[in-house]
Amino acid sequence: MRRYFGRKLLIYALTFFVAVTVDWIIPRFMPGDPVQTMLARASLRPEASQALQSYYTNLFGLDVPIWQQYLNFWARLLHGDLGISIWQFPQPVTSVILRAIPYTLALLVPAVLLSWWAGNKFGAYAARRKWLDNTVLPLGYVLTATPYMWLGILLAWSLATVAGIFPIAGGYSFSLEPSWSLTFVGSLLRHWFLPFASLFLVGFGGWAIGMRNMIIYELEADYAHYLESLGAPRRLVRRYAFRNALLPQLTGLALQLGVIVAGALVTEIVFSYPGLGYLVLQAINNQDFFLIQGAFLFIIIGVLLANFLVDVVYVLVDPRTRTGMRGAS
Amino acid sequence: MTVSDQEDLAAAAPAAPAVTPATVAGVRASREALYFARRNRKLVIGLGVVLLFLVVAIVGPLLTEHGPNEYVGPPAQRPSARFWFGTTMFGQDVFAQFTHGLRSTFLVGVLGGGLAAVIGMLIGFSAGYRGGLVDEVLNMVTNVVLVIPTLAVLLVIAAYLRVRGVVPEALFIGLFSWPWVARAIRAQTFSLRSREYVDLARLSGLSGPKIVLNEVAPNMSSYLFMTFILLFGGAVLIAATLDFIGLGPTEGISLGLMMNNAVLWSALPLGMWWWFVPPGLGITIIVGALYIMNVGLDEVFNPKLREM
Chain E
28 MRRYFGRKLL
38 IYALTFFVAV
48 TVDWIIPRFM
58 PGDPVQTMLA
68 RASLRPEASQ
78 ALQSYYTNLF
88 GLDVPIWQQY
98 LNFWARLLHG
108 DLGISIWQFP
118 QPVTSVILRA
128 IPYTLALLVP
138 AVLLSWWAGN
148 KFGAYAARRK
158 WLDNTVLPLG
168 YVLTATPYMW
178 LGILLAWSLA
188 TVAGIFPIAG
198 GYSFSLEPSW
208 SLTFVGSLLR
218 HWFLPFASLF
228 LVGFGGWAIG
238 MRNMIIYELE
248 ADYAHYLESL
258 GAPRRLVRRY
268 AFRNALLPQL
278 TGLALQLGVI
288 VAGALVTEIV
298 FSYPGLGYLV
308 LQAINNQDFF
318 LIQGAFLFII
328 IGVLLANFLV
338 DVVYVLVDPR
348 TRTGMRGAS
Chain A
3 MTVSDQEDLA
13 AAAPAAPAVT
23 PATVAGVRAS
33 REALYFARRN
43 RKLVIGLGVV
53 LLFLVVAIVG
63 PLLTEHGPNE
73 YVGPPAQRPS
83 ARFWFGTTMF
93 GQDVFAQFTH
103 GLRSTFLVGV
113 LGGGLAAVIG
123 MLIGFSAGYR
133 GGLVDEVLNM
143 VTNVVLVIPT
153 LAVLLVIAAY
163 LRVRGVVPEA
173 LFIGLFSWPW
183 VARAIRAQTF
193 SLRSREYVDL
203 ARLSGLSGPK
213 IVLNEVAPNM
223 SSYLFMTFIL
233 LFGGAVLIAA
243 TLDFIGLGPT
253 EGISLGLMMN
263 NAVLWSALPL
273 GMWWWFVPPG
283 LGITIIVGAL
293 YIMNVGLDEV
303 FNPKLREM
C-alpha cells in the first residue's frame with residue numbers, strides 16, 4: 028500500500044514541479060518581451076500602467092541571476108502569491124481565481140460523476156443487444172465527437188434563444204444580489220442547468236461507448252464462457268462482466284480528466300458562466316498573463332488532486348491492487 | 003503484459019482497441035481483412051464521410067473567388083443562392099470560411115496526430131523493447147506528461163505567442179498529446195518482445211531498432227493505424243477548443259475560430275444559426291465518422307468482435 032501510493036505521490040510531486048517550472052519558463056523564453064507586450068496591449072489608466080511597469084520589472088526580476096528568479100518564483104508561489112491581475116487591477120490573482128472556483132466545481136463535479144455513472148450503466152445495458160447497439164451507439168459516438176462548446180452553443184440557441192426556457196448567460200440573474208434567498212438559489216440553478224447538461228451529454232456518450240466495448244470484451248473472456256456453460260443466468264454473467272469492466276473505466280476517468288476540464292472551460296465561455304473558463308477568456312482578451320498562469324496552476328493542482336482521488340478509489344474497488352501491494356509485487 | 007497495463011490501454015481513449023492473437027497473426031490475414039473491410043458497414047460509411055469532407059476541403063475553396071476573411075456581402079444574411087451558408091455579422095461569406103476552416107482541421111489532424119503518433123511510437127518502442135533503466139526513465143516522463151492537461155499547457159504557450167499559425171498550433175498539440183500512445187505501445191511491445199520470432203531475429207544479429215521496425219511494429223500495424231485515427235480526432239478537438247478560447251490562428255481561419263467569432267459577436271442571442279451550426283457540425287461529423295470507422299476497423303482486425 029505504502030509503495031503504491033509512494034510511487035503515485037512521487038509522480039504527482041514531479042508533475043507539479045514540472046508544471047511550475049513550465050509556468051516559469053514560458054514567459055522568459057518566448058520570443059518578445061512579455062512586460063512590453065502586456066503594457067502595450069492592456070488599456071490601463073496611467074497610474075496603473077506606471078505601477079505595473081515597476082511591479083513587472085521587479086517580478087520578472089531582470090537584474091537578478093536566473094536561478095534566483097526561479098527560487099523567488101517558488102517562494103512567492105508557496106506563499107500563495109501569484110501576482111496581481113490586470114483585468115481586475117489591483118486584486119491579487121489568487122483571490123480572483125478563488126472566487127471563480129466554486130462555479131467551476133459546481134459544474135464539473137456533478138457532470139463528471141453523473142455522466143460516468145449513467146454512461147456506464149447505459150453502456151452495459153446496450154452491449155450485445157442488437158437493436159440498442161445499432162441505433163443508440165452511433166449516437167453515442169456522435170456525442171463524444173461533439174466539441175463541448177458546440178453542444179453548449181446548440182443548447183443555448185435552442186433552449187434559451189428560441190424556446191426561452193433557460194437564461195442564455197451568466198451565473199445568476201443580473202437583477203439579483205448574491206444571497207442565500209430562495210429566489211437567488213433558484214436563479215443559480217436555472218443558470219447552472221444548461222452548461223451542466225452539455226458537459227453531461229458529451230461525457231455520457233463517451234462513457235457509454237467505453238463501457239459497451241469493455242463489456243463485449245469481458246463477455247468473451249474465459250470466466251464468462253465458463254459461467255455460461257455452468258448454466259448461470261445471463262444477468263449474473265453480465266453483472267460479473269460489469270464489475271470487471273468498471274476498473275478500466277475508472278482508469279479512463281483519470282486519463283480523461285484533463286479533457287473534461289478543458290471542456291468545462293469552453294462551456295463556461297459559451298454561457299458566460301463566471302467560472303475559471305470565463306476568467307481565462309477575460310485574461311486572454313486583457314493580456315492578463317498572471318491570471319493565465321495562475322489559472323494554469325490551479326487547473327494542474329485540481330487535476331492532480333482528482334487523479335489522487337481516483338487512485339484511492341481504485342484501491343478500494345480492486346482487491347488485486349490490495350493483495351498485490353501486500354506481498355507479491 | 004500485466005492486467006492493469008491491458009486495462010490502461012483499453013481505457014486510454016474512446017474505443018481504444020486491444021491487441022488479440024488475431025492482430026498478431028499478421029500478414030497472412032491481410033487478404034481476409036480486406037474481405038471483411040469491404041463488408042463492414044461502419045468502416046465503409048465512416049471512411050466515405052471523411053473522404054467526402056476531405057473533397058469539400060480541397061475543392062470548396064476553389065469555388066469561391068474571395069478569401070475567407072474578406073468582406074464580400076451585406077452583413078448577417080441568411081443562407082441564399084449567392085451565399086450558400088449566409089454571411090457573418092461583418093458580411094464575410096460563411097461558406098468560404100467553412101471550407102477554408104475544413105482545410106485547417108485536416109491539417110491540424112494530420113500534423114498534430116502524426117507528430118503525436120511518432121513521438122508516442124519512439125518512446126513506447128524504446129521503453130518497451132529496451133526495458134530496464136531506459137524504461138524506468140521514459141515511463142516516468144510519460145506518466146508526468148500524461149497527468150498534465152494538454153489544453154492547460156497549450157493555453158499558456160499560445161497566450162505568449164503574438165503571431166499564431168495553424169501549423170505551429172498543430173505541432174504544439176502533437177508535442178503534448180502522445181503519452182497514452184507511448185504507454186499503450188510500451189505495454190504491447192513488452193508482450194511481443196519475448197516471442198520466439200523476436201528471439202530469432204536477435205540471434206541472427208539484427209540491431210534493436212531494426213527488430214522493432216521489422217518484427218515488432220508490423221505485428222501491431224493495425225493497432226498503430228487505429229491509434230493514429232484516434233490521435234487525429236483528438237488533435238482536431240483540442241485545436242477547436244484552443245481556437246474557441248481565442249488562441250487560434252491569428253491569420254487565416256479555422257472552424258473553432260468561426261465559433262469563437264460567432265459567440266463573441268452575439269450570434270446566439272440574434273439567432274444567427276447559419277454562423278455557428280456549420281463549423282461545429284463539420285467537426286462533429288468528421289470526428290464521429292473517424293471514431294465509427296475505428297470501430298469498424300477493430301471489428302475487421304479482431305474476429306471476436308465481428309457480428310455473426
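Chains as they are written, first to last, in my numbering: chain E, 28 to 356; chain A, 3 to 310.
Beta carbons: idealized from backbone N, C-alpha and C, even for Gly.
Residue-level contact to chain A via CB, residue i, 8 angstroms cutoff
i, result
"P165 (chain E)", "yes"
"M176 (chain E)", "yes"
"V139 (chain E)", "no"
"T17 (chain E)", "Absent from the structure is residue 17 (chain E), since the part of chain E shown begins at 28 and ends at 356."
"I195 (chain E)", "yes"
"P8 (chain E)", "The question about residue 8 (chain E) has no answer, for chain E in this structure spans 28 to 356."
"N334 (chain E)", "yes"
"L257 (chain E)", "no"
"Y168 (chain E)", "yes"
"L292 (chain E)", "yes"
"G285 (chain E)", "yes"
"A127 (chain E)", "no"
CB contact check: residue i to chain E, cutoff 8 angstroms
i, result
"I125 (chain A)", "no"
"N145 (chain A)", "yes"
"W182 (chain A)", "yes"
"A161 (chain A)", "yes"
"A24 (chain A)", "Confidence at A24 (chain A) is low in this model, with a pLDDT of 45, below 50, so the placement of that residue is unreliable and no value is reported for it."
"E301 (chain A)", "no"
"G235 (chain A)", "yes"
"P151 (chain A)", "yes"
"V52 (chain A)", "no"
"L239 (chain A)", "yes"
"A154 (chain A)", "yes"
"L177 (chain A)", "no"
"V169 (chain A)", "no"
"V139 (chain A)", "no"
"V158 (chain A)", "yes"
Where residue i falls, given that 16 or more other Cβ within 10 Å makes a residue buried
i, result
"Q99 (chain A)", "buried"
"R152 (chain A)", "Contrary to the premise, residue 152 (chain A) reads as Thr rather than Arg in this sequence. Result: buried."
"R188 (chain A)", "buried"
"Y250 (chain E)", "exposed"
"F44 (chain E)", "exposed"
"G279 (chain E)", "buried"
"R185 (chain A)", "buried"
"N378 (chain E)", "The question about residue 378 (chain E) has no answer here: the residues shown for chain E are numbered 28 through 356."
"P92 (chain E)", "exposed"
"W180 (chain A)", "buried"
"D338 (chain E)", "buried"
"P77 (chain A)", "exposed"
"N312 (chain E)", "exposed"
"P63 (chain A)", "buried"
"V146 (chain A)", "buried"
"G122 (chain A)", "buried"
"A160 (chain A)", "buried"
"N216 (chain A)", "exposed"
"D315 (chain E)", "buried"
"A281 (chain E)", "buried"
"T48 (chain E)", "exposed"
Residue i beta carbon near the ligand FAD (any heavy atom closer than 7 angstroms)
i, result
"P77 (chain A)", "As presented, the structure is devoid of all ligands, the ligand FAD included, so that no description of it is given."
Test: residue i CB closer than 8 angstroms to a CB of chain C
i, result
"L194 (chain A)", "The displayed structure is made up of protein chains E and A, and chain C is not among them."
### Message
By the 7 angstroms beta-carbon criterion, what residues does the stretch 310–328 of chain E contribute toward chain A?
### Response
I311, N312, F316, I319, Q320, F323, I326, I327
#### Entry: Contact residues within the stretch 91–108 of chain A, judged by C-beta distance below 9 angstroms to chain E
none
### Task
With 8 angstroms as the C-beta to C-beta threshold (strictly closer), list the residues of the stretch 241–266 of chain A near chain E in chain order.
A242, T243, F246, I247, G248, L249, G258, M261, A264, V265
### Query
Does the count of Cβ pairs from the stretch 238–249 of chain E and the stretch 141–151 of chain E closer than 8 angstroms reach three?
yes
### Interface residues of the stretch 265–281 of chain A facing chain E [CB-CB below 7 angstroms]
V265, L270, P271, G273, W275, F278
### Task
Determine which residues of the stretch 203–220 of chain E have a Cβ less than 9 angstroms from any Cβ of chain A, and write them out in chain order.
none
### Message
At a CB distance below 7 angstroms, what residues from the stretch 282–299 of chain A approach chain E? Give them in sequence order.
### Response
G282, I285, T286, V289, G290, Y293, I294
### Message
What ranges does the alpha helix (DSSP H) occupy inside the stretch 166–193 of chain E, keeping only unbroken runs of at least 4 residues that lie completely in it?
### Response
175–182
### Segments assigned alpha helix (DSSP H), at least 4 residues, entirely inside the stretch 206–275 of chain A
210–213, 223–244, 257–266, 269–272
### Task
Scan the stretch 44–70 of chain A for residues whose Cβ lies nearer than 8 angstroms to a Cβ of chain E and list them as they occur along the chain.
none
### Task
Check distances from the C-beta atoms of the stretch 180–191 of chain E to those of chain A and list, in chain order, the residues that come in under 8 angstroms.
I180, L181, A183, W184, A187, T188, V189
#### Entry: the stretch 168–179 of chain E contacting the stretch 274–290 of chain A, beta-carbon criterion three pairs below 8 angstroms
yes
### Inter-stretch contact at 8 angstroms, needing at least 3 Cβ pairs: the stretch 268–283 of chain E / the stretch 156–169 of chain E
no
### Meets three-Cβ-pair contact criterion under 8 angstroms: the stretch 162–177 of chain A and the stretch 253–265 of chain A
yes
### Message
Whether or not the stretch 283–302 of chain E and the stretch 213–225 of chain E are in contact is what I'm after, with contact meaning three or more pairs of Cβ atoms, one per stretch, closer than 8 angstroms; do they touch?
### Response
yes
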